[in-house]
Amino acid sequence: MNKKRTSLKDIAKEANVSTSLVSFVLNNKEKEHRIRPEMAEKIRRVAIEMNYTPNVAAKSLREGKSRTIGLIVSDISNPFFANIARFVERTAGKYHYAVHFANSDESAEQTAMLAENMISRGIDGIIIVPCDGCKTLFNSLIERRIPLVLLDRYIPEVDATYVCLNNRKAGYDATRHLLENGYRRIGMINYKFNLKHTIDRTLGYEDAMREAGLEKEIRKMFVDHRRMADSCNIAISKLLKDKADSLIMATNTISINCIHAIRRNKIIVPEQMGLVGFDGGDAFDFFYSPLSYIQQPLESMAQKAVEILIEQIEEGSIFKQQIEYEGVLIKRASSVKNSVRKI
Numbered sequence: 001m002n003k004k005r006t007s008l009k010d011i012a013k014e015a016n017v018s019t020s021l022v023s024f025v026l027n028n029k030e031k032e033h034r035i036r037p038e039m040a041e042k043i044r045r046v047a048i049e050m051n052y053t054p055n056v057a058a059k060s061l062r063e064g065k066s067r068t069i070g071l072i073v074s075d076i077s078n079p080f081f082a083n084i085a086r087f088v089e090r091t092a093g094k095y096h097y098a099v100h101f102a103n104s105d106e107s108a109e110q111t112a113m114l115a116e117n118m119i120s121r122g123i124d125g126i127i128i129v130p131c132d133g134c135k136t137l138f139n140s141l142i143e144r145r146i147p148l149v150l151l152d153r154y155i156p157e158v159d160a161t162y163v164c165l166n167n168r169k170a171g172y173d174a175t176r177h178l179l180e181n182g183y184r185r186i187g188m189i190n191y192k193f194n195l196k197h198t199i200d201r202t203l204g205y206e207d208a209m210r211e212a213g214l215e216k217e218i219r220k221m222f223v224d225h226r227r228m229a230d231s232c233n234i235a236i237s238k239l240l241k242d243k244a245d246s247l248i249m250a251t252n253t254i255s256i257n258c259i260h261a262i263r264r265n266k267i268i269v270p271e272q273m274g275l276v277g278f279d280g281g282d283a284f285d286f287f288y289s290p291l292s293y294i295q296q297p298l299e300s301m302a303q304k305a306v307e308i309l310i311e312q313i314e315e316g317s318i319f320k321q322q323i324e325y326e327g328v329l330i331k332r333a334s335s336v337k338n339s340v341r342k343i
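As structure tokens, this is what we get:
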């Protein structure tokens with residue numbers, strides 16, 4: 001025998017409250033309706049006990065929405081973006097939204113094609129990690145009033161909502177850390193991209209070097225994301241010839257490829273070269289000298305991006321928000337001289 005689906009009315013009867021009160025709570029609107037936290041908790045507890053599952057299809061028909069959002073990242077195989085996708089999906093699920101994922105491979109043309117495909121399938125809004133050359137696409141989406149949030153990166157010329165890291169401060173902090181540990185000939189390896197987040201990390205590095213009176217010691221190398229292994233090998237070789245004593249690696253992918261090159265060249269870390277990366281991960285645990293890195297608050301960033309996008313979708317908000325989170329420097333053995341090494 002099929003068991004009858006639990007309704008909002010059933011929950012209201014059991015909790016001894018109105019059906020509208022139950023609706024507000026289960027749609028995460030208790031704050032705007034000034035519902036007491038203990039009451040909201042009681043209603044959610046009753047809903048769980050009664051095995052309530054929302055009728056998403058019916059709700060979508062009533063609201064004229066698909067309750068689906070899009071997420072376009074540059075490389076879903078990269079653990080950094082895989083984590084972003086996980087946190088976006090988790091937060092969206094709390095609001096009863098599904099997520100359609102796609103991968104741009106750092107291509108503006110691919111990003112535009114994926115965005116249009118998602119829109120044609122009826123998604124309610126899109127979160128995009130921008131790549132170089134997306135300005136025209138974003139201006140078009142804004143003109144068409146498609147709910148849009150840029151995540152991790154943004155384009156200064158586009159008046160869009162974005163959530164990202166304070167990248168200039170992060171680059172500065174990484175450099176200051178190396179300076180404070182006695183390094184002076186600090187190099188930086190970054191992508192060739194003309195993107196704000198990569199530019200700002202380099203600018204932060206330059207700020208700290210100039211502040212320390214070491215402008216002549218600035219050593220910048222740029223690598224091609226399509227030829228990472230070869231590009232990083234060449235960059236490390238040039239930095240060694242230039243007698244660099246430490247290195248800031250501007251992304252986790254750059255870090256992985258540079259560490260391979262460092263091992264091939266039998267460089268001892270941190271005695272011969274101090275290292276600081278961005279976004280640590282399990283892959284770095286296999287390196288004999290644990291990597292210092294700038295940690296981004298990915299979960300908070302992804303959660304905020306989803307919440308802003310849903311606000312745009314459900315409330316019709318057109319207010320642009322530019323939110324920058326602060327990174328945290330995680331200090332480990334790779335950037336501290338005389339630290340204990342285990343090989």
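Letter by letter, the sequence shown follows residues 1 to 343 in the UniProt record's numbering.
Glycine included, each C-beta is placed from N, C-alpha and C at the ideal position.
Since this is a predicted model, take the numbers as computed values, not measurements.
### Query
DSSP on Leu298, reduced to helix/strand/coil?
helix
### Query
Starting from Thr68 and walking both ways along the alpha helix (DSSP H), at which residues does that stretch end?
Thr68 -> not in any alpha helix (DSSP H); beta strand (DSSP E) instead, spanning 68-73.
### Query
Counting Cβ pairs, one atom from each stretch, are 3 or more of them under 8 Å apart for the stretch 87-104 and the stretch 40-51?
no
### Query
Residues in its own chain within less than 6 Å of Leu179 by CB, not counting five upstream and five downstream?
Ala212
#### Entry: Closest Cα partner of Gly280 within the set Met273, Val269, Glu271, Ser292
Ser292
### Task
Go ahead and label residue 344 buried or exposed: buried means 16 or more other beta carbons lie within 10 angstroms of its beta carbon, across all protein chains shown.
The structure shown does not extend to residue 344, since the chain spans only 1 to 343, so no value can be given for it.
### Query
What does a CB cutoff of less than 6 Å around Asn233 pick up in its chain, not counting 5 residues either side in sequence?
Ala261
### Cα-Cα separation between Arg219 and Tyr172, rounded to whole angstroms
15 Å
#### Entry: Residue from Ser255, Phe24, Asn83 with nearest C-alpha to Ala40
Phe24
### Query
In the DSSP assignment, what residue or residues form a beta bridge with Ser120?
In DSSP, Ser120 forms no bridge with anything.
### Task
To the nearest angstrom, report how far apart Ala92 and Lys241 are at their CA atoms.
49 Å
### Task
Using three-state DSSP, classify Ile268 as helix, strand or coil.
coil
### Task
Within the same chain, show all residues whose beta-carbon is closer than 6 Å to that of Gly274, passing over the 5 residues directly before and after it, in chain order.
Leu178, Tyr183, Ser246, Ser335
### Query
Could you check where the beta strand (DSSP E) with Ser246 kicks off and where it finishes?
246-249
### Query
Terminal residues of the continuous beta strand (DSSP E) containing Tyr154?
Where Tyr154 is concerned, there is no enclosing beta strand (DSSP E), given that its DSSP letter is neither H nor E.
### Message
Using only the alpha-carbon positions, how far apart do Asn257 and Met228 sit?
### Response
7 Å
#### Entry: Run of the alpha helix (DSSP H) containing Val129, from where it starts to where it stops
Run containing Val129: none; DSSP gives neither H nor E here.
### Task
Let me know if Gly277 comes out buried or exposed under the rule of 16 or more other beta-carbons within 10 Å of its beta-carbon.
buried
#### Entry: Secondary structure, beta strand (DSSP E): runs of 3+ residues fully inside the stretch 164-221
186-191
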